[in-house]
Structure formats: structure tokens, C-alpha cells
Amino acid sequence: MVSHWKDQDPLFVQSGSPLTSDQQTEIRDALEGASSKIYAVALPPNTVTKSTIGSYMTQLNSAMEAARAPAATYAVLDGTRLYAASSALRADGLAARLSNLAVAANAGDVVAGMKDFTNRVDDAVRGRNSALDPDSQANPGAGGTAALIALGALVLVGGGGYFLYSSNRKKKRAIQEAKELAAVKQTVDEDVTKLGEEITALDADVTLSGAGGKHIDEWQTALDSYEKAKTQLSGVQRADQVREVTQTLEDGRYALAVVKAKVNDEPVPERRAPCFFNPQHGPSARDVRWAPPGGTARDVPACKMDAEAVERGFDPQMREVMVDGQRRPYYDAGPAYQPYAYGYYGGFGDIMTGMFIGTMMGSMLSGGFGMGGYGAGYAEGYADAGAGDFGGDAGGGWGDFGGGGDFGGGDFGGGDW
Numbered sequence: 001m002v003s004h005w006k007d008q009d010p011l012f013v014q015s016g017s018p019l020t021s022d023q024q025t026e027i028r029d030a031l032e033g034a035s036s037k038i039y040a041v042a043l044p045p046n047t048v049t050k051s052t053i054g055s056y057m058t059q060l061n062s063a064m065e066a067a068r069a070p071a072a073t074y075a076v077l078d079g080t081r082l083y084a085a086s087s088a089l090r091a092d093g094l095a096a097r098l099s100n101l102a103v104a105a106n107a108g109d110v111v112a113g114m115k116d117f118t119n120r121v122d123d124a125v126r127g128r129n130s131a132l133d134p135d136s137q138a139n140p141g142a143g144g145t146a147a148l149i150a151l152g153a154l155v156l157v158g159g160g161g162y163f164l165y166s167s168n169r170k171k172k173r174a175i176q177e178a179k180e181l182a183a184v185k186q187t188v189d190e191d192v193t194k195l196g197e198e199i200t201a202l203d204a205d206v207t208l209s210g211a212g213g214k215h216i217d218e219w220q221t222a223l224d225s226y227e228k229a230k231t232q233l234s235g236v237q238r239a240d241q242v243r244e245v246t247q248t249l250e251d252g253r254y255a256l257a258v259v260k261a262k263v264n265d266e267p268v269p270e271r272r273a274p275c276f277f278n279p280q281h282g283p284s285a286r287d288v289r290w291a292p293p294g295g296t297a298r299d300v301p302a303c304k305m306d307a308e309a310v311e312r313g314f315d316p317q318m319r320e321v322m323v324d325g326q327r328r329p330y331y332d333a334g335p336a337y338q339p340y341a342y343g344y345y346g347g348f349g350d351i352m353t354g355m356f357i358g359t360m361m362g363s364m365l366s367g368g369f370g371m372g373g374y375g376a377g378y379a380e381g382y383a384d385a386g387a388g389d390f391g392g393d394a395g396g397g398w399g400d401f402g403g404g405g406d407f408g409g410g411d412f413g414g415g416d417w
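Position 1 of the sequence shown, counting from 1, maps to 1 under UniProt numbering, and the rest follow consecutively.
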């Protein structure tokens, strides 16, 4: 995504986005014609949620900072829903306010709404009051009412109350990040426990394999990896540290697969990426053609069991995790799981982008999110994200990356576009 913005144009469209080619062209033209830096990504519906958009925006900004991009405003079109964040607008929460105004003034028309949003951002960067005009700014030359609130007042109004509001949002962000970290650690703990159980189950076979069984080098590697993973997990304080744990688990799983092969007088398996569907299954046996529901087919590494299931038209045994009380595949569980996947698959070349295309994780990986850490935010006071819907769904606001928003929302009407 970042490389697309840098080398091609300011609109990145992921496969599955409902935007037509004509809509893409008009939005792209509006972004290219903006006087300020504005970048947009169009995603399939429900790629991000209210509980993950804050982390998504944080990761996005971190990637742009790593690429040494200039301060900019970002728009995320998740189906019909618009989220916005900015490192260029200094008033906290302003991008969210502008996106909600654009949605409210252009219900049912995503192109007009994006043109409106682009013009509002340009006006806000220049300090113009028209950025907050409640009338549509899709065609600002057609006129409109005066702004109800000056931008300067937006920053200064409320005095201490403003800072209290900002502090509360930071607390919400911290709570959300702690919740996400706990969920990821629980997932990794299950993976560590599973490896330990399989080592225990194999112990008797190794002993019965003869005097040399205990001296299989990989057996000690598997044992050491299990103990190391437990120690690493106990020290995890941030989600990006999970990567080291799953790297260790990948080593242990391959070592265990080698031990199983030697004990059973079978060929030693090739060092391949773990099974895409569930890294607990150990190293993959081969690639299989697979597509997520409504997504594009791609080749993914799979264990023998899952490869055969997919080829026979059955569902593979997917690694699912809990997200907001619902079980979802790990690759659609949000940005906090990016380091989890990197630990397992990052050591096998550039396979991740292809594997995860069309998933939430794939949208984060596109264009060079690389090994970036999780949870790094904007400079204090610069972070904001808003949500509105050009279709008929209820909107919702975001105040800060990783935290809940207080911008409200509502049914904007107009139907899907």
C-alpha cells in the first residue's frame, strides 16, 4: 500500500472493494488535485471494525513514517464506511470531524463524499473556517453557509475540559491495547501448550526407538524451543514481542517433525513454511490452491491433511481466535496478530503478501509494513480517526488510535453505492 502511494497514485484499491472503476477514477482525481497530502485505501466491507480501526491507523502511520513520508491525511473506505486520520491536522480529532461532516452532507454518494472530504482537509490545512461548514463541500464554488466554529476555537474551546477529554481517550487506547495484547498472548500460550503436549506424546516413541533415540539432535532442539518459548512469552509486554515467541515455536515444530520422521523411518521433511491454515500443524507438505470466502484464489502452504481437505472441497482445520466474543481466523483478527504471523512465516521469503491477500492482515502487509512494530502512535495530540457511512449503516466516530471514539454517528441513509 505504501509503495503504491509513493510510486503510483494516492488511491490504493484492494480486491473486493465495492468501488466501480469510474468511482475509483473520480476519487483518484480528487486526491491528486488536492493541495495537501491525502491518501486513501478502499477495502472490502468489514475488513476493519470499530475495535480494530485504531490499531490499523496506527500501523498505517508507522509504515508511512518508516518510509519517511511527509505529514498527511489518510482515508480508509471500508466498504461504505469512511474512517479518517491525520498527521497533518494539528487539532486533535479534526480529521474525524471532517469525515463525519462529509458523510452527513453527501449521503448515498461516495464520490461526492470523498471530494467533499478532500476539500475540507485542504481548507483545514489552510486554516479556513469553511472546513466545518455543514453543507456539502464537494463543489465548494457553488456556495454554502459560513462555518459555525472557527478552527482556532476548535483547538482552544473548553480549556481544561479539552485536555481531560484527550486524557480520557488515551486511557481508552491503553485499555484497548491491553485487551488486544492479552488476547494475542492467550493465542500464543495455546500454541506453546500444544507443542508441549505433542512433545510429551512423542517421548515414549523416542525412548522406544533405541539407544540412539534420545540423541537425535532435533529432539533436544524441540525440547529447548518449548522451554524457550515459555520463557519468552512470560516476558512479553508488547504485541510486537510475540514475533520472537512464534519464531521459536516454528523452530520447535520443525524439529519435532524431523524427530517424528526419524522415529518412524520416514524421509526427513523439507524446511517449509508452517501450514497457512493453522501453524500448530507444523511445516507444510505442499502448496494448495485456496480462496477465502468471496476472495481471490492463491497458493498457500498447507499440511497434508488440510491440503487434501481443500482439494476435496472441505474446509481446512483453521486456527481461530476470539475477537469481540466471536471466533475468527487468525488472519482476520486484527493488526495485533501481525507479529504472530511474522514469527511463523516471516523467515520464508516474501510469501506473506500473497498468502494473506484479501484478508485484514493482507491489507496491512501490502506495500511494505515489513517487520514494523505494533502500537506505535502519532506524536501526542496528532492522532485521530473518524467513521461515517455513505451507505445506510450507522456511523461511528474514532478519537485516537487503538481506543474508542466519542464522535457519535447515525443512519445517513441513501443506500449502498
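Quick reminder that beta carbons are idealized off the backbone N, C-alpha and C, glycines included.
Under the rule that 16 or more other beta-carbon atoms within 10 Å means buried, what is glutamine 176, buried or exposed? buried
Through-space distance from leucine 98 to phenylalanine 117, alpha-carbon basis: 6 Å
Using 10 angstroms around the beta-carbon of methionine 355, count the other beta-carbons present and answer buried if the total reaches 16, otherwise exposed. buried
Can you confirm whether the segment 316-324 touches the segment 260-269 when touching is taken to mean that 3 or more C-beta pairs between the two stretches lie within less than 8 Å? no
What do you get for leucine 284, buried or exposed, if any count of 16 or more other CB atoms within 10 angstroms of its CB means buried? At residue 284 the sequence reads serine, which differs from the leucine that was named. Serine 284 should be labelled buried.
Glutamate 311 burial status per 10 Å Cβ neighbour count (16 or more: buried): exposed
Where the beta strand (DSSP E) through tyrosine 331 begins and ends: Here tyrosine 331 belongs to no beta strand (DSSP E), and DSSP marks it neither H nor E.
Residues in the same chain with beta-carbon distance under 6 Å from leucine 77, minus the five sequence neighbours each way, listed in chain order, please. Ala42
To which residues of the same chain is arginine 271 closer than 8 Å at the C-beta, ignoring the five residues directly before and after it? Tyr254 and Pro283
Could you tell me the boundaries of the alpha helix (DSSP H) in which leucine 132 lies? Where leucine 132 is concerned, there is no enclosing alpha helix (DSSP H), given that its DSSP letter is neither H nor E.
Tell me whether tyrosine 342 is buried or exposed, calling it buried when 16 or more other Cβ atoms sit within 10 Å of its Cβ. buried
Taking the Cβ atom as the reference point for each residue, do glycine 93 and proline 18 lie within a distance shorter than 7 Å? no
Using only alpha-carbon positions, find the residue among Asp217, Thr52 and Ile216 that is nearest to tyrosine 334. The sequence shown places glycine at residue 334, rather than the tyrosine named in the question. Residue Thr52 is the option with its Cα nearest to glycine 334.
Relative to the C-alpha of proline 267, which candidate in Gly346, Phe12, Ala257 and Asn106 has its C-alpha closest? Ala257
One question on the structure: do glutamine 280 and aspartate 205 come within less than 7 Å of each other, judged by their Cβ atoms? no
Would you kindly report the start and end of the unbroken alpha helix (DSSP H) that includes methionine 322? Methionine 322 -> not in any alpha helix (DSSP H); beta strand (DSSP E) instead, spanning 320-323.
For alanine 273 and aspartate 350, I'd like the C-alpha separation in whole angstroms. 11 Å
Pick from Thr246, Asp224 and Asp135: whose alpha carbon is nearest that of residue 421? Residue numbering for the chain in the displayed model covers 1 to 417; residue 421 lies beyond these limits and cannot be assessed.
Under 7 Å between C-beta atoms of alanine 95 and serine 86: yes
Pull up the distance between the alpha-carbon of aspartate 203 and that of threonine 248, whole angstroms please. 20 Å
Enclosing alpha helix (DSSP H) for isoleucine 27 [first to last residue]: 21-32
Is it the case that the Cβ atoms of alanine 336 and alanine 239 are separated by a distance below 7 Å? yes
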